[in-house]
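To start, the structure under review is shown below, and the notes come after it.
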Amino acid sequence: MAKSKFEYVRLFEADDRCLPNTWIVVRVDGKGFHKFSTEHEYEKPNDIKALSLMNRAATSVMEEFKDVCLAYGQSDEYSFVFRKETQAYSRRSAKLSTNVCSLFTSAFVYYWNEYFPTSKPHYPPVFDGRTVLYPSNQNIRDYLSWRQADCHINNLYNTTFWTLILKGGLTPAEAESKLKGTLSGDKNEILFSQFGINYNTEPEMLRKGTVLVRRKIPVALPNGGTREKSQIVQEHVDIIGDEFWNTNTHLLTVT
Ligand code: GTP
Ligand code: MG
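Position 208, counted from 1, in the sequence shown is what the UniProt record's numbering calls 208; the numbers after and before it change by one each time, with no gaps.
This is the structure:
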């Protein structure tokens with residue numbers, strides 16, 4: 001077929017293929033979720049329904065993108081780790097981030113009703129997406145540790161902040177000034193001595209976030225017996241220490 005004289009404009013499209021042999025992470029993050037969570041009356045400091053909806057949307061991404069070997073989510077964000085050697089979309093950065101982000105957002109809306117049965121979203125939620133490369137196994141572990149440490153720091157702060165307000169009767173300004181300059185030990189102490197709350201027994205999903213991985217799970221066959229089937233499972237475990245990685249060596253191994 002003859003090419004039009006306009007064809008040359010294709011050359012303006014920059015090649016954005018990710019470096020070979022590097023971990024590709026696509027992270028999505030809710031835009032203005034401070035407002036979105038207030039507008040939709042998310043429970044404070046954590047709304048289990050909203051976090052479960054995030055986990056459902058992330059599961060849709062992993063169902064579609066088989067080269068995502070692990071995903072980690074907390075608050076209004078989710079990180080998707082592609083296998084180091086993935087050839088998805090020829091490793092094109094924008095293709096990866098836009099497809100993941102678009103599917104995540106549409107799944108968030110698609111499944112909204114299962115988690116918030118009595119309401120519709122008041123306006124279309126927006127997530128941003130970015131692709132980041134990590135060359136070494138230590139780098140990708142440190143990236144995931146960074147996100148989980150962020151979850152821990154924010155959740156301990158938010159739990160103490162909202163306990164001071166909801167159970168202690170403080171105003172937000174008073175709670176903020178009480179927590180100014182406190183270390184994590186101080187917050188644990190406030191929770192325990194003033195409210196009898198042992199932070200370490202708070203639900204693990206809130207303290208650690210959610211890890212999605214594929215595991216072989218035995219499923220029942222119609223004629224009896226079982227068959228192993230790969231399924232996406234949610235785990236709320238520590239991914240900063242070595243234990244998770246020592247028991248899941250396949251995740252960091254190039255196949
Ligand atoms: P941008 O990401 O820069 O657009 O801003 P943002 O408003 O989304 O803030 P950010 O991503 O830094 O933080 C996420 C915000 O979402 C938190 O500060 C909370 O206000 C809100 N949020 C996330 N999860 C929950 C939840 O379970 N309950 C409540 N009440 N709020 C939540
Ligand atoms: Mg956000």
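Where a beta carbon is used, it is the ideal one built from N, C-alpha and C, also for glycine.
Hey, is Lys31 close to ligand 2, as in C-beta under 7 Å from one of its heavy atoms?
-> Position 31 of the sequence shown, counted from the first residue, corresponds to residue 31. Relative to ligand 2, the beta carbon of Lys31 is positioned inside 7 Å of a heavy atom.
Selected residue, minimal CA-CA separation from Arg17, among Ala88, Asn46, Asp238 | Residue 17 sits at position 17 when you count from the first residue of the sequence shown. Measuring from the Cα of Arg17, the nearest candidate turns out to be Ala88.
Looking at the unbroken alpha helix (DSSP H) that takes in Leu70, where does it start and where does it end?
-> By 1-based counting over the sequence shown, the position of residue 70 is 70. Note, Leu70: premise wrong, no alpha helix (DSSP H); beta strand (DSSP E) at 68-74.
Among residues of its own chain, excluding the 5 on either side of Tyr111, which ones have a beta-carbon nearer than 7 Å to its beta-carbon?
-> Taking the sequence shown and counting its residues from 1, one reaches residue 111 at position 111. These residues qualify, in order along the chain: Leu53, Arg56, Ala57.
Would you report the Cα separation of Thr163 and Phe195, rounded to the nearest angstrom?
-> For the purposes of this step, residue 163 is taken as the residue at position 163 of the sequence shown. For the purposes of this step, residue 195 is taken as the residue at position 195 of the sequence shown. Their Cα atoms are separated by approximately 8 Å.
Hey, is Ser230 close to ligand 1, as in C-beta under 7 Å from one of its heavy atoms?
-> Along the sequence shown, one-based indexing puts residue 230 at 230. No, ligand 1 has no heavy atom inside 7 Å of this Cβ.
How many angstroms separate the CA atom of Leu96 from the CA atom of Ile197?
-> The residue labelled residue 96 in the question sits at position 96 within the sequence shown. The residue labelled residue 197 in the question sits at position 197 within the sequence shown. Approximately 43 Å, taken between the alpha carbons.
In terms of DSSP beta bridges, what is Gly196 paired with?
-> On the sequence shown, residue 196 is found 196 positions in, with the first residue counted as 1. Bridge partners of Gly196: none, in fact.
Quick one: is the Cβ of Lys208 within less than 7 Å of any heavy atom of ligand 1?
-> Taking the first residue of the sequence shown as position 1, residue 208 is located at position 208. Relative to ligand 1, the beta carbon of Lys208 is positioned no closer than 7 Å to any heavy atom.
Inter-residue spacing [alpha-carbon to alpha-carbon] between Ser90 and Asp76 = The residue you call residue 90 lines up with position 90 of the sequence shown. The residue you call residue 76 lines up with position 76 of the sequence shown. Going from the Cα of Ser90 to the Cα of Asp76 covers about 28 Å.
Could you check how far apart the C-beta atoms of Val211 and Tyr72 are, in whole angstroms? I think they sit under 8 Å.
-> As a working note, residue 211 is residue 211 in the sequence shown. As a working note, residue 72 is residue 72 in the sequence shown. About 5 Å separates the beta carbon of Val211 from that of Tyr72, a gap short enough to meet the 8 Å contact definition.
Pairwise C-alpha distance: Glu7 and Glu63 = To locate residue 63, count along the sequence shown from 1; it is residue 63. To locate residue 7, count along the sequence shown from 1; it is residue 7. Each residue's CA atom was taken as its position, placing Glu63 and Glu7 some 36 Å apart.
Should Asp76 be listed as close to ligand 2, given that the test is whether its C-beta is under 7 Å from any heavy atom?
-> Position 76 of the sequence shown holds residue 76. The nearest non-hydrogen atom of ligand 2 is less than 7 Å from the C-beta of Asp76.
What are the residues that DSSP puts in a beta bridge with Gln138?
-> As a position in the sequence shown, residue 138 is number 138, starting the count at 1. Beta-bridge pairing links Gln138 to no other residue.
Does the segment 133-143 come close enough to the segment 17-36 to have 3 or more Cβ pairs within less than 8 Å?
-> Using a Cβ-Cβ distance cut-off of 8 Å, the segment 133-143 and the segment 17-36 are in contact, since at least three pairs of beta carbons, one from each stretch, lie closer than that value.
For Lys187, I'd like the list of residues in its chain whose CB is within less than 6 Å of its CB, leaving aside the five on either flank, ordered along the chain.
-> Within the sequence shown, numbered from 1, the residue matching residue 187 stands at position 187. In the same chain as Lys187, and ignoring 5 residues on each side of it, the C-beta atoms closer than 6 Å to its own belong to Leu156, Thr160, in chain order.
Is any heavy atom of ligand 1 found at a distance shorter than 7 Å from the C-beta of Asp47?
-> Residue mapping note: residue 47 aligns to position 47 of the sequence shown, counting from 1. Answer for Asp47: yes, Cβ within range of ligand 1.
Can you tell me the Cα-Cα spacing of Gly224 and Leu103, whole angstroms?
-> One-based indexing of the sequence shown puts residue 224 at position 224. One-based indexing of the sequence shown puts residue 103 at position 103. Cα to Cα, Gly224 sits roughly 37 Å from Leu103.
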